[in-house]
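Colleague:
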Amino acid sequence: MNLLTKAARGTQDVLPADSYKWQFVQDIMLKEAELYGFKEIRTPAFEHTELFDRGVGDDTDIVQKEMYTFNDKAGRSLTLKPEGTVAAVRAVLEHGLLNDGIPLKLTYITPCYRYEKPQSGRYREFFQFGVETFGAASPAADAEIICLATTLFERLGISNLSLEINSIGCPECRQAYRGALKKFFEKHREKLCSTCTDRLEKNPMRIVDCKNLECQKIVEDAPNIIDFLCEDCEQHFKDVKNYLSESKIDYKINPKIVRGLDYYTRTVFEFVSSSDSNRSLVCGGGGRYDGLIEEIGGPATPAVGFGIGIERLILLMQSQGIEIPKPKRCDIFIATADKTAQTKALHLAKTLRESSFYAEIDIVERSLKTQLKYADKINAKFLLVLGEKEFSEKKAEMKNMASGEKFIINLDNDFLTKTKNILSD
RNA sequence: GUGGGUAUAGCUUAGUUGGUUAAAGCGCCAGUUUGUGGCACUGGAGACCGUCGGUUCGACUCCGACUAUCCACCCCA
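Shown next as structure tokens:
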């Protein structure tokens, strides 16, 4: 297969055999978000590169080595968005949406791009569903977002997911924690992996979620962020937990969930799949980011949100054997025995389609017999055969393909009503 | 970026110690006489065996590089 007929690395076609699954999932997500009061926002595929340098953080892997950055013809540096939040924040600020009143609740499904080595559930183009609440500092906002995520998974039929939460405090309490961590890990410096020795200076918090087994062993005895929360942050976390308990949402506190960037504050959460041995992250990036909006030039505004990768979600649903409703079946196939009948068939099909029935006719000039085979192949519910005889007698037989039951239909005035009745049964 | 596996029709695969026109199932297209499908039978289309180079009289088969793909790490959705 040559380059011309090959999708670019890390990208994927969603074929008709699968697209209905996407429709199903996206539909549920948007509808559920709607019930929580989130309105859809659509942002462009690319933004000014500076936005992500600033918003995602230019010391992250994403910005340092994974962005699709290019110059347009006027020499502007643009970047395909590597995640959804920052673009949404930009749009909020640009259009002054916060002036419409708070809270501002937005949802989106958007393609994201990261130059990474593809593997299972990881693509260079992937689709992210996200929700963001702006202007709400209350723990109720955190809880509402988590609650939405929980219901979503339920609606999709996903089980064996566990919710893990943590609080990483505000910049003030984090400073104390960071100091304590540094002091602690300093003692174990020579046992840490090489990336973690680097982290020790730049970002000791990231050592806490290092996957290296040696590091993890050390982390076990490391100080816990929760012990360093200031009074306000502690109360906030306590309230979030309270809301969750009151809503009967199970959660586990995982002190190892941290975030590398400064604008993340307080609540962080993840949904991990416990069905298979290797815990896979389904919904990362969930949490509060009270510092972000100010970081990219807006007024200090609290915000919470989360993102889900749709590819991963569908993968998970498949691994759990969740049945996604099959796409709509053809209601009726109108077979035609000759050219005249064929001309009229389109009109009849049009009439039915206007009433929202899924009707098909022969458009490849097959023999009648082959048309019937085709009707069977596409799993049509009903069959209508039209020819000279039918038009001279002004009536035709409509057959239920599964039962073989036949109905006589008049082809003139009451065609639609009669057909509708049979089809709707 | 690091490590490992794989590469033959649309799909799933076979291909014997290198030896002529590369095989099967499924799918696709059509036929099995006249206007009613599913089953069965018959036929047909469809592959420069991932690419390039090497070894050889001869390579789908052996060697090398590249590319793609899958899996894991990293990171994350």
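Using the numbering used here, the first residue of the first sequence is number 8, and each one after it goes up by one. Glycine included, every Cβ here is placed at the ideal spot set by N, Cα and C.
#1: Which two residues bound the contiguous beta strand (DSSP E) that contains leucine 11?
#2: Indicate whether alanine 403 and leucine 393 have their beta-carbon atoms separated by less than 7 Å.
#3: Considering only residues of the same chain and omitting the five flanking positions on each side of asparagine 249, which have a CB-CB separation below 6 Å?
#4: Report yes or no: do the segment 126–136 and the segment 232–239 share at least 3 C-beta pairs separated by less than 8 Å?
#5: For glycine 164, I'd like the list of residues in its chain whose CB is within less than 6 Å of its CB, leaving aside the five on either flank, ordered along the chain.
#6: Taking Cβ positions, are leucine 390 and lysine 406 nearer each other than 7 Å?
#7: By alpha-carbon positions, which one of Pro306, Arg162, Val96 and Ala15 ends up nearest to glutamate 123?
#8: Let's see if you can read the secondary structure: which residues bound the beta strand (DSSP E) around cysteine 177?
#9: In angstroms with no decimal places, state the Cα-to-Cα distance between proline 118 and threonine 76.
#10: For the putative contact between arginine 61 and glutamate 302, defined by C-beta atoms under 8 Å, what is the C-beta separation to the nearest angstrom?
#11: In terms of residues, what are the limits of the alpha helix (DSSP H) holding isoleucine 152?
#12: Mind reading off the beta-carbon distance from glutamate 39 to leucine 155? Whole number of angstroms is fine, and I expect it under 8 Å.
#13: Could you give the DSSP three-state label for aspartate 329: helix, strand or coil?
#14: Who are leucine 113's beta bridge partners in DSSP?
#15: Determine the closest residue to lysine 376 out of Ala310, Ile214, Ala344 and Phe398, with distance taken between C-alpha atoms.
#16: By DSSP, does phenylalanine 244 sit in helix, in strand, or in coil?
#17: From the DSSP output, in three-state form, read off tyrosine 184 for me.
#18: Per DSSP, which one or two residues make a beta bridge with alanine 342?
#19: Report the option in Gln30, Val311 and Gly304 whose CA atom is closest to the CA atom of tyrosine 296.
#20: Could you pull out every unbroken alpha helix (DSSP H) segment of at least 4 residues lying fully inside the segment 347–390, listed in chain order?
#21: Taking only runs of the beta strand (DSSP E) that begin and end inside the segment 10–96, which ones reach a length of at least 3 residues, in chain order?
#22: Just verifying my parser: in three-state terms, what is the DSSP assignment at threonine 272?
#23: To which residues of the same chain is leucine 104 closer than 6 Å at the C-beta, ignoring the five residues directly before and after it?
#24: Candidates Gly293, Ser280 and Phe59: which alpha carbon is nearest leucine 85's?
#25: From the DSSP output, in three-state form, read off serine 284 for me.
#26: Out of Thr308, Asn173 and Glu161, which one is the CA nearest neighbour of glycine 292?
#27: Taking all protein chains shown into account, do 16 or more other C-beta atoms lie within 10 angstroms of the C-beta of phenylalanine 141, making it buried, or fewer, making it exposed?
#28: With a threshold of 8 Å, are at least 3 pairs of Cβ atoms found where one atom belongs to the segment 249–262 and the other to the segment 196–213?
#29: To the nearest angstrom, report how far apart valine 99 and glutamate 412 are at their CA atoms.
Modeller: Inspection of the coordinates gives the following:
#1: Indexing the first sequence from 1 puts residue 11 at position 4. Counting along the chain, leucine 11 falls outside any beta strand (DSSP E), and DSSP gives it neither H nor E.
#2: Taking the first sequence and counting its residues from 1, the one referred to as residue 403 is at position 396. Taking the first sequence and counting its residues from 1, the one referred to as residue 393 is at position 386. Contact annotation: alanine 403 and leucine 393 have beta-carbon atoms nearer than 7 Å.
#3: Against the first sequence, residue 249 aligns to sequence position 242. Correct list: empty, nothing qualifies.
#4: As far as the Cβ criterion goes, the segment 126–136 does not touch the segment 232–239, which means the pair count is below three.
#5: Position 157 of the first sequence, counted from the first residue, corresponds to residue 164. Close CB contacts of glycine 164 within its chain, under the 6 Å cut and outside five residues either way in sequence, are with Ile329 (chain order).
#6: The residue given as residue 390 occupies position 383 in the first sequence. The residue given as residue 406 occupies position 399 in the first sequence. Against a cut-off of 7 Å, the Cβ pair of lysine 406 and leucine 390 comes out as a contact.
#7: Position 116 of the first sequence, counted from the start, is the residue given in the question as residue 123. Checking every option, the nearest Cα to that of glutamate 123 belongs to Ala15.
#8: As a first step, residue 177 is located in the first sequence; it is residue number 170 there, counting from the start. It is not in any beta strand (DSSP E) - cysteine 177 carries neither H nor E in the DSSP assignment.
#9: Here residue 118 refers to the residue found at position 111 when the first sequence is read from its first residue. Here residue 76 refers to the residue found at position 69 when the first sequence is read from its first residue. For proline 118 and threonine 76, the distance between alpha carbons rounds to 15 Å.
#10: Locating residue 61 in the first sequence gives position 54, counting from the first residue. Locating residue 302 in the first sequence gives position 295, counting from the first residue. Contact between arginine 61 and glutamate 302 holds, since their C-beta atoms are separated by about 6 Å, short of 8 Å.
#11: For the purposes of this step, residue 152 is taken as residue 145 along the first sequence, with counting starting at 1. For isoleucine 152, the enclosing alpha helix (DSSP H) starts and ends at 146–162.
#12: Taking the first residue of the first sequence as position 1, residue 39 is located at position 32. Taking the first residue of the first sequence as position 1, residue 155 is located at position 148. Right, the Cβ-Cβ distance comes to about 7 Å (below 8 Å), so this counts as a contact.
#13: Here residue 329 refers to the residue found at position 322 when the first sequence is read from its first residue. Per the sequence shown, the amino acid found at residue 329 is isoleucine instead of aspartate. Isoleucine 329 sits in coil when the DSSP states are folded into three classes, being neither helix nor strand.
#14: Within the first sequence, the letter at position 106 stands for residue 113. Assignment of beta-bridge partners to leucine 113 by DSSP yields Lys46 and Glu139.
#15: Translated into the one-based positions of the first sequence, residue 376 becomes position 369. It is Ala344 whose Cα lies nearest to the Cα of lysine 376.
#16: For the purposes of this step, residue 244 is taken as residue 237 along the first sequence, with counting starting at 1. Helix at phenylalanine 244.
#17: In the first sequence, residue 184 corresponds to position 177, counting from 1. Assigned with DSSP and collapsed to three states, tyrosine 184 falls in helix.
#18: Against the first sequence, residue 342 aligns to sequence position 335. Answer is Val392, bridged to alanine 342.
#19: In the first sequence, the residue the question calls residue 296 occupies position 289. Selected option, being the one with the closest Cα: Val311.
#20: Every alpha helix (DSSP H) stretch that sits fully inside the segment 347–390 and reaches 4 residues is listed by chain position as 375–384.
#21: With a minimum length of 3 residues, the continuous beta strand (DSSP E) runs that stay inside the segment 10–96 are 53–55, 76–78 and 84–87.
#22: Residue mapping note: residue 272 aligns to position 265 of the first sequence, counting from 1. DSSP places threonine 272 within a strand segment (E or B) once states are collapsed to three.
#23: The count along the first sequence starts at 1 and reaches residue 104 at position 97. Same-chain partners within the cutoff: Leu111.
#24: Here residue 85 refers to the residue found at position 78 when the first sequence is read from its first residue. Among Gly293, Ser280 and Phe59, the Cα nearest to that of leucine 85 is on Phe59.
#25: Start at 1 with the first residue of the first sequence, and residue 284 comes out as number 277. Confidence at serine 284 is low in this model, with a pLDDT of 45, below 50, so the placement of that residue should be treated as unreliable; the coordinate-derived value is given next. Three-state result, serine 284: coil.
#26: Position 285 of the first sequence, counted from the first residue, corresponds to residue 292. Ranking Thr308, Asn173 and Glu161 by Cα distance to glycine 292 puts Asn173 first.
#27: Here the question's residue 141 lines up with position 134 in the first sequence. Here phenylalanine 141 is buried, its C-beta having at least 16 other C-beta atoms within 10 Å.
#28: Fewer than three pairs of CB atoms, one per stretch, sit closer than 8 Å, so the segment 249–262 makes no contact with the segment 196–213.
#29: Against the first sequence, residue 99 aligns to sequence position 92. Against the first sequence, residue 412 aligns to sequence position 405. Those two C-alpha atoms are separated by around 59 Å.
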